[in-house]
Amino acid sequence: MDGATRWVKVWDAPTRLFHWSLVALIAGAWFTAENGWIDWHFRCGYAILALLLFRLVWGFVGSDTARFVRFVKSPVAALAHLAHITKREPDTEIGHNAAGGLMVLAMLALILVQVGLGLFSTDGIFTDGPLAYLVGPDLSDRITGWHEFNFNLILAAVVLHVAAILTYAVLKRHDLVRPMVTGLKKLPAGLAAPRMAPLWLALLVFAVAAGGVYAFATLA
Ligand code: HEM
Numbered sequence: 015m016d017g018a019t020r021w022v023k024v025w026d027a028p029t030r031l032f033h034w035s036l037v038a039l040i041a042g043a044w045f046t047a048e049n050g051w052i053d054w055h056f057r058c059g060y061a062i063l064a065l066l067l068f069r070l071v072w073g074f075v076g077s078d079t080a081r082f083v084r085f086v087k088s089p090v091a092a093l094a095h096l097a098h099i100t101k102r103e104p105d106t107e108i109g110h111n112a113a114g115g116l117m118v119l120a121m122l123a124l125i126l127v128q129v130g131l132g133l134f135s136t137d138g139i140f141t142d143g144p145l146a147y148l149v150g151p152d153l154s155d156r157i158t159g160w161h162e163f164n165f166n167l168i169l170a171a172v173v174l175h176v177a178a179i180l181t182y183a184v185l186k187r188h189d190l191v192r193p194m195v196t197g198l199k200k201l202p203a204g205l206a207a208p209r210m211a212p213l214w215l216a217l218l219v220f221a222v223a224a225g226g227v228y229a230f231a232t233l234a
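So for the sequence shown, this note's numbering puts the first residue at 15; every next one is plus one.
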């Protein structure tokens, strides 16, 4: 990068923790389902739900780069961004780019749908999702099929997500992973740092989200 640069915090700790916990929990949800450890599958699902609720609220009250208004752009803007994907240029992006933002939204939606469907699913023998009784056995059985199918869509999205990150590394020499781990990115000195929301707010939002899910899980 030409000219003066400085390290800027682009991702707050809550967003980074959200991301890597989500990765671990999705892997855990898959593994426990494959092995028939249904109690742990439920726990993974509830934890994912708490994370998603946190992230949805954080998208409105969190740090600049976590806010939906900052990164959700039109498909036209996403295509315009992708048009220069092969061009090697300095990484001046603060937060998600226009294409990445839509991908993030799609992944969050797919995972939310997955958890929602899981609540109404059944294994047909021993275990029903906590809301399966509301729809009856036949529909619950069909919903279980959708729950399994939607997981393939999540897998496809994750493959695309990781492929996009690799593409940025190879074609543009942009390292997106390091900022998602450390929070920091080297940017031209002239660029203003994004505003970071206070940690107590993240803790409060997460406590309410987790408390709500816990109450639901124990009462349902
Ligand atoms: C189950 C697998 C995964 C899921 C569901 C997932 C989901 C997400 C989501 C929802 C975001 C947006 C973060 C936010 O704004 O809250 C994101 C961003 C990101 N993820 Fe993942 N992710 C997964 C795996 C990975 C892996 C394996 C890597 C590393 C290779 C990775 C690297 C990143 C990076 C670097 C960003 C920020 C991209 C940017 O700069 O705009 N993710 N991911």
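The beta carbon of each residue, even a glycine, is placed where N, CA and C say it ideally should be.
**Report entry** A223 vs A64 beta-carbon contact at 8 Å
**Finding:** In the sequence shown, residue 223 corresponds to position 209, counting from 1. In the sequence shown, residue 64 corresponds to position 50, counting from 1. Against a cut-off of 8 Å, the Cβ pair of A64 and A223 comes out as a contact.
Query - Exposure label - P89; buried when at least 16 CB within 10 Å - result: What you label residue 89 is simply residue 75 of the sequence shown in a count that begins at 1. Per the 10 Å Cβ criterion, exposed.
Report task. Return the CA-CA distance between A120 and G17, expressed in angstroms with no decimal places. Result -> Residue numbering aside, residue 120 sits at position 106 when the sequence shown is read from its first letter. Residue numbering aside, residue 17 sits at position 3 when the sequence shown is read from its first letter. Going from the Cα of A120 to the Cα of G17 covers about 36 Å.
Query - Bridge-paired residues (DSSP) for T136 - result: Translated into the one-based positions of the sequence shown, residue 136 becomes position 122. BP columns for T136 point to D142.
**Report entry** Contiguous alpha helix (DSSP H) assignments of at least 4 residues, all confined to the region 75-162
**Finding:** 82-85, 89-96 and 112-133
Query raised in the report: Hey, quick one: how far does the beta strand (DSSP E) through L201 stretch, first residue to last?
Result: Residue 201 sits at position 187 when you count from the first residue of the sequence shown. DSSP places L201 inside the beta strand (DSSP E), whose first and last residues are L198 to P202.
Report task. Taking all protein chains shown into account, decide if V75 is buried (16 or more other Cβ within 10 angstroms of its Cβ) or exposed. Result -> Working through the sequence shown from its first residue, we reach residue 75 at position 61. So V75 ends up on the exposed side.
Query raised in the report: Grouping DSSP H, G and I as helix and E and B as strand, with all else coil, what is R30?
Result: As a working mapping, residue 30 is identified with position 16 in the sequence shown. Helix, per DSSP.
Query - Chain-order list of residues whose beta-carbon lies under 8 Å from that of A91 (same chain, five-residue window excluded) - result: Position 77 of the sequence shown, counting from 1, holds the residue named residue 91. Excluding residues within five positions, the ones whose Cβ falls inside 8 Å are A112.
Report task. Give the DSSP-derived three-state secondary structure of R69 in the structure shown. Result -> The residue you call residue 69 lines up with position 55 of the sequence shown. Helix, per DSSP.
Query raised in the report: Should A206 be listed as close to the ligand HEM, given that the test is whether its C-beta is under 7 Å from any heavy atom?
Result: Here residue 206 is taken as the residue at index 192 of the sequence shown, counted from 1. Not so, every heavy atom of the ligand HEM lies at least 7 Å from the Cβ.
Query raised in the report: From which residue to which residue does the alpha helix (DSSP H) around G222 run?
Result: On the sequence shown, residue 222 is found 208 positions in, with the first residue counted as 1. It is worth fixing the name first, because residue 222 is Val in this sequence and not Gly. Looking at the DSSP string, the run of the alpha helix (DSSP H) that includes V222 is L213 to L233.
**Report entry** Whole-number beta carbon distance between V149 and I139, since they are thought to touch under 8 Å
**Finding:** For the purposes of this step, residue 139 is taken as residue 125 along the sequence shown, with counting starting at 1. For the purposes of this step, residue 149 is taken as residue 135 along the sequence shown, with counting starting at 1. Contact doesn't hold; Cβ gap of about 17 Å is too wide.
Report task. Evaluate F85 with the Cβ neighbour count: other Cβ atoms within 10 Å of its Cβ, from every protein chain shown; 16 or more gives buried, anything less gives exposed. Result -> For the purposes of this step, residue 85 is taken as the residue at position 71 of the sequence shown. F85 should be labelled buried.
Query - Closest by C-alpha distance to A80, when choosing among T19, H95, L122 and W51 - result: Position 66 of the sequence shown, counting from 1, holds the residue named residue 80. That would be L122, whose Cα lies nearest to the Cα of A80.
Report task. Would you give the residue range spanned by the beta strand (DSSP E) that V24 belongs to? Result -> Working through the sequence shown from its first residue, we reach residue 24 at position 10. It is not in any beta strand (DSSP E) - V24 carries neither H nor E in the DSSP assignment.
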